[in-house]
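For the sequence shown, the working numbering assigns the number 346 to the initial residue and increments by one for each residue that follows.
Where is the CB? At the ideal position from N, CA and C, for every residue including glycine.
This report refers to the structure that appears directly beneath it.
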Amino acid sequence: MPEQQIFFKKEHFHSLIQQLRFSLAKVILKSLIQLYPNKALYYEFMLIIASMEHNPEEFFEIHQAICDKFPGTALEYLANGLYPGVKINHAKAFLHAATRLDPNNAYLYYFLSSTYINLNDFTQSLEYANECMKVDPSFHLALLLKMTCHQKMGNIDDLLSDSLSALCYIERLNGLHIVDTIIHELNKNNSTNKNLIEPPLGTEPKTPTY
């Protein structure tokens with residue numbers, strides 16, 4: 346039934362993942378894998394969701410299927426790089442190998458950025474998060490990684506900008522947490538800002554002379 350595949354494009358599942366609508370995406374993907382068991386893209390999205398949901402049982406199952414069906418591919422390297430409990434340096438090596446085979450896959454740069462955050466290398470993480478959004482400007486989840494990097498690096502203006510962008514683009518995001526971050530950073534400079542917009546206590550503004 347090849348004609349049915351046209352109704353399910355990569356962009357559809359990518360959008361569901363960006364909106365954190367994992368359950369809906371999985372229901373459709375599982376059915377598609379039964380119909381098209383050799384379609385690598387459907388396994389890739391299932392792998393990504395299992396990793397993002399921290400669901401080892403589903404991950405192990407999809408990992409085994411990928412290793413059996415798609416050996417030596419960027420997808421297998423991705424699966425190995427995301428494997429629960431993998432050593433961080435091994436994860437990094439697998440993900441870099443995947444980018445060499447599939448340099449236009451934004452998810453590879455997203456997970457590389459996440460890996461470098463775990464290594465406390467925020468400069469490198471930010472570089473890969475930016476590369477992720479360069480490859481795919483609709484990859485709004487990368488904004489969350491950029492926020493972490495900017496906060497750790499003290500880039501407050503960039504942190505606030507990316508925080509607001511995340512609120513605008515990721516509808517199912519826990520907005521309260523992001524708002525708290527924005528308010529916290531604004532209040533850190535509250536005293537300085539207050540002096541700029543209010544006269545000191547006990548003083549009266551001078552009447553202008555003409």
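Among the options, which has the Cα closest to the Cα of residue i?
i: Asp-507; options: Ala-438, Ile-373, Ser-396, Asn-475; result: Asn-475
i: His-441; options: Ala-419, Pro-429, Tyr-428; result: Ala-419
i: Lys-479; options: Glu-403, Tyr-454, Tyr-381; result: Tyr-454
i: Leu-446; options: Gly-417, Leu-471, Leu-504; result: Gly-417
i: Asn-383; options: Arg-366, Asp-413, Ala-443; result: Asp-413
i: Lys-533; options: Gln-496, Ile-515, Tyr-514; result: Gln-496
i: Ser-360; options: Leu-380, Ile-527, Phe-390, Gln-379; result: Phe-390
i: Asp-502; options: His-485, Leu-490, Ile-527; result: Ile-527
i: Glu-403; options: Leu-489, Tyr-514, Lys-371; result: Lys-371
i: Ile-515; options: Asn-500, Tyr-381, Leu-489; result: Leu-489
For residue i versus residue j, is the C-beta distance shorter than 8 Å?
i: Leu-423; j: Leu-377; result: no
i: Leu-374; j: Tyr-387; result: yes
i: Ile-411; j: Ile-362; result: no
i: Leu-504; j: Met-492; result: yes
i: His-408; j: Tyr-428; result: yes
i: Ile-319; j: Leu-531; result: It is not possible to answer for residue 319, since the shown part of the chain is limited to 346 through 555.
i: Phe-353; j: Met-397; result: no
Keeping to the same chain, check which residues put their C-beta closer than 6 Å to that of residue i; ignore five residues upstream and five downstream.
i: Ala-385; result: Phe-415, Leu-420
i: Ala-438; result: none
i: Gln-469; result: Tyr-461
i: Ser-483; result: none
i: Asp-481; result: Ala-451
i: Ala-487; result: Tyr-455, Ala-474, Cys-477, Met-478
i: Asn-425; result: Phe-439
i: Thr-444; result: Leu-453
Using DSSP with H/G/I as helix, E/B as strand and the rest coil, what is residue i?
i: Leu-486; result: coil
i: Ile-401; result: Note that residue 401 corresponds to Pro in the displayed sequence, not to Ile. Three-state result, Pro-401: helix.
i: Arg-445; result: helix
Residues in the same chain with beta-carbon distance under 8 Å from residue i, minus the five sequence neighbours each way, listed in chain order, please.
i: Met-498; result: Phe-467, Thr-468, Leu-471
i: Leu-449; result: Note that residue 449 is Asn in the sequence shown here, rather than Leu. So the qualifying residues of the chain are Val-480.
Leaving aside the five residues before and after residue i along the sequence, list all residues of the same chain whose C-beta is less than 7 Å from its C-beta, in chain order.
i: Leu-464; result: Ile-433
Worksheet item: Do three or more CB pairs link the region 428 to 438 to the region 456 to 464 at distances below 8 Å?
Response: Contact between the region 428 to 438 and the region 456 to 464 is present, because at least three Cβ pairs lie under 8 Å.
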